[in-house]
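Following: one structure in structure tokens, then a few remarks.
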Amino acid sequence: MPALSDKIFLPISIFVLNVVLAIFKFILISAVGACFAIYAKYGGEYAKSVGWIRSAGYLEMVKSFQSISRSKNVPGSVKWALIVGLFATLVASFLDKGISAFVEPATRPEPSGKNVSEIRQFLTSSEDHKMFVGWNTIVPRHGNVEDTMKTALINANPSPEKNMAYFPTLSEYSVTCADFGVKLEARAIPRQFVKTERSPNHWSIIMAASSPVSKGYTLMGTLLEASFGIQSPISPGKISSSSCILEEDYRPRRRVVDQGVIAFPRTSTTKCFHTNGDVTVISMTTTRFTHHGDKYRPELASTFLDKGSDELLPAMKETANVLKMPSTPGQLPQNTTDIEMWIELRASGSNIDMYACGSASPQDETAFVMSGTECLYGTITMRQFRPNFNNGILSNYTHREHATYMTLEYSENRIDGTVSIEKMKNDTTTVTDYMRKLGYNFHADFDNATLYIQYDVARVKSGLEVPLWVLVVSGIILITGVLVWQLTTWLVGSPYSSSLYRIIYARLASGPNTRISRVMRFHFEPLMFEDTELLPDLVERLSEDTEFLPDQVERLSKDTELLPDQVERLPEEAKLPPVDLKKQ
10 MPALSDKIFL
20 PISIFVLNVV
30 LAIFKFILIS
40 AVGACFAIYA
50 KYGGEYAKSV
60 GWIRSAGYLE
70 MVKSFQSISR
80 SKNVPGSVKW
90 ALIVGLFATL
100 VASFLDKGIS
110 AFVEPATRPE
120 PSGKNVSEIR
130 QFLTSSEDHK
140 MFVGWNTIVP
150 RHGNVEDTMK
160 TALINANPSP
170 EKNMAYFPTL
180 SEYSVTCADF
190 GVKLEARAIP
200 RQFVKTERSP
210 NHWSIIMAAS
220 SPVSKGYTLM
230 GTLLEASFGI
240 QSPISPGKIS
250 SSSCILEEDY
260 RPRRRVVDQG
270 VIAFPRTSTT
280 KCFHTNGDVT
290 VISMTTTRFT
300 HHGDKYRPEL
310 ASTFLDKGSD
320 ELLPAMKETA
330 NVLKMPSTPG
340 QLPQNTTDIE
350 MWIELRASGS
360 NIDMYACGSA
370 SPQDETAFVM
380 SGTECLYGTI
390 TMRQFRPNFN
400 NGILSNYTHR
410 EHATYMTLEY
420 SENRIDGTVS
430 IEKMKNDTTT
440 VTDYMRKLGY
450 NFHADFDNAT
460 LYIQYDVARV
470 KSGLEVPLWV
480 LVVSGIILIT
490 GVLVWQLTTW
500 LVGSPYSSSL
510 YRIIYARLAS
520 GPNTRISRVM
530 RFHFEPLMFE
540 DTELLPDLVE
550 RLSEDTEFLP
560 DQVERLSKDT
570 ELLPDQVERL
580 PEEAKLPPVD
590 LKKQ
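Quick note: to get this note's numbering, add 9 to the position in the sequence shown (first position is 1).
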């Protein structure tokens, strides 16, 4: 059941909305008028006048309120009724504008099938590790990494149809391995490394390696399964014979000039399809920083990474300053290509976190560190699963171990100059899980330079989006307004619910059609509808209350066009005798 805060899509246009709001406004104003009809019947002798004044408009209501405020004979309830009428009419007139403020134009896709796009790509120049050109994507500041990946896949479609929406198809899957084993592997290790277990899933390692390990990606590659070199089991778990290798996307710098971050976080991801139907997804996020000198300084890491939130950071201080290589009491000999590395490794289930630092001789031109100490923090997430269905895209697929599907950089890190370990972990997990949901529907054939993406195709339908609570409140107001309007007209009666014109017409008209008001001719002087004078005894009533002079009676008869018999009916007291000036 949707919550009241949810938005409801209505497949209507702005024109239809305006028509509905106009009807809503009409019913609401009629309901306010019905309430004043009830007041007219039970509110006393001034009550009906309030309703007629309200129907004359806002200016008339304001002027009447000023007049009533000065009068002591009008009850206070009439004043309050006029105020309520003014505000009720304002609310009824502008409530539709308030409702329209919550309405937003929107589109909604209607599923219409699936489509597999075969997209030609260009390969990078590397022969060892394959990647398509243009799949290095920037994640906007405060952006969502999954949305960025989804947008990249949608934009890859070379021939989208008009008014159609394309979404990468997601698949259900079954997990085939949830606990991975970890091996540490390196090439040409001159001396046996030292391993210290700090906890069941945390190990400290110190090792020396020669220059082949100095390639930027190899340090992270040592955490993945390989069949060459020296291996040592670090974490128990399933070790598969199938190989899936992801290299760190980093090109080492020739010189270390400044201290600080030299590589902001970057996430790489790949997937491998195995002959038994399983799929392995690996994602890795790394960041690097450096400082001068061949000794590790723990305060450097806390400057760029989360302070005190990760156990690997304080553990590195002890590893770098306490643990020593066998038969190496001090620093490594000068003029050698050997590198001393300290590694903090944590593995749990299918996640690996590593904090590694290396120090090398400044004379080495190809070493892992050109001068000083370089550190790397990386987090790896792996998933092995089997999609629940095969869409046939992989029929001619050749398995490739060394490949990268996509690399993501984060503009937020470059703008703010900060690195968050927690965000690195969350983004890595998000990328891995989204690649897992894509299953067979996103496949890169690097041998034939072709990318295959299956889309869910939907026809885009335009409409409006309205919060559910706005619809509920508007519906209640509308139903209440209709009931009040109709019940009042039926129960109170026509004299109280009608306008002054309707009442006059009902008195003057004759015949069976008096229920329907028709247009009549009207004159101001005298006040007449058709041929009937509305106030024929006005002069007579005025003469009874006032002593008129003859010229006043004459002017009154001219202004009001009194008939001769009406003038004769004026009392004799109002006719003063003529004044004789000769006698005076």
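We treat Cβ as the ideally placed atom computed from N, Cα and C, and that holds for glycine.
Inter-residue Cα distance where the pair is residue i and residue j
i	j	result
Glu170	Lys106	37 Å
Glu320	Trp212	11 Å
Ser22	Arg530	43 Å
Leu255	Ser292	8 Å
Ser219	Gly367	Annotation note: pLDDT 47 at Ser219 (below 50); position unreliable, coordinate value reported separately. Answer to the nearest angstrom: the Cα atoms are 12 Å apart.
Asp362	Thr294	10 Å
Pro279	Ser109	For the sequence presented, residue 279 should be read as Thr rather than Pro. Roughly 48 Å separates the two Cα atoms.
Asn27	Thr498	27 Å
Pro476	Gly85	42 Å
Val25	Glu534	47 Å
Gly143	Thr178	21 Å
Phe111	Asp454	48 Å
Pro268	Asp465	It should be pointed out that residue 268 corresponds to Gln in this sequence rather than to Pro. Rounded to the nearest angstrom, the two C-alpha atoms are 48 Å apart.
Ser121	Val290	30 Å
Asp15	Thr116	16 Å
Tyr60	Glu542	Residue identity differs from the one stated: residue 60 is Gly in this sequence, not Tyr. Near 25 Å, if we compare the C-alpha coordinates of Glu542 and Gly60.
Thr438	Thr390	6 Å
Val479	Cys44	24 Å
Ala31	Ala97	17 Å
Met415	Lys434	17 Å
Val288	Phe298	34 Å
Residue i beta carbon near the ligand GTP (any heavy atom closer than 7 Å)
i	result
Pro20	This structure does not include the ligand GTP; it has no bound ligands of any sort.
For residue i, three-class secondary structure by DSSP
i	result
Trp89	helix
Ser208	strand
Thr441	helix
Ser420	helix
Pro323	helix
Asn285	coil
Phe638	A query on residue 638 cannot be resolved here, the shown segment of the chain reaching from 10 to 593 and no further.
Leu255	coil
Asn435	helix
Tyr175	strand
Ser318	coil
Val142	coil
Residue i: first and last residue of the uninterrupted beta strand (DSSP E) it sits in
i	result
Ala12	Here Ala12 belongs to no beta strand (DSSP E), and DSSP marks it neither H nor E.
Tyr182	Tyr182 to Cys186
Leu385	Thr382 to Pro396
Asn399	Element bounds for Asn399: n/a, residue is neither H nor E.
Asp456	Per DSSP, Asp456 belongs to no beta strand (DSSP E) and is neither H nor E.
Asn124	Glu113 to Arg129
Asn145	Asn145 to Val148
Endpoints, alpha helix (DSSP H) assigned at residue i
i	result
Thr7	Any question about residue 7 goes unanswered here, given that the chain covers just 10 to 593.
Phe45	Ile23 to Tyr51
Lys159	Val154 to Asn164
Val59	Ala56 to Ser64
Tyr514	Leu509 to Leu517
Residue i classed as buried or exposed, judged by whether at least 16 other C-beta atoms fall within 10 angstroms
i	result
Asp436	buried
Pro504	exposed
Leu447	buried
Asp156	exposed
Val100	exposed
Val528	exposed
Ile485	exposed
Glu119	exposed
Glu127	exposed
His452	buried
Ala7	No answer is possible for residue 7: it lies beyond the span of the chain, which begins at 10 and ends at 593.
Arg275	buried
Arg129	exposed
Gly387	buried
Tyr305	buried
Ala49	buried
Gly490	buried
Spatially closest choice to residue i from the options, by CA coordinates
i	options	result
Ser208	Val491, Ser359 and Ala324	Ala324
Leu496	Ala12, Val29 and Ile47	Ile47
Phe176	Ala329, Pro535, Val469 and Leu480	Val469
His301	Val288, Val270, Thr276 and Thr328	Val270
Ile352	Gly358, Ser359, Phe538 and Glu327	Glu327
Leu492	Leu37, Ala31, Thr284 and Lys139	Leu37
Cys281	Ala515, Thr413 and Ser483	Thr413
Asn82	Ser64, Phe103, Glu54 and Ile62	Glu54
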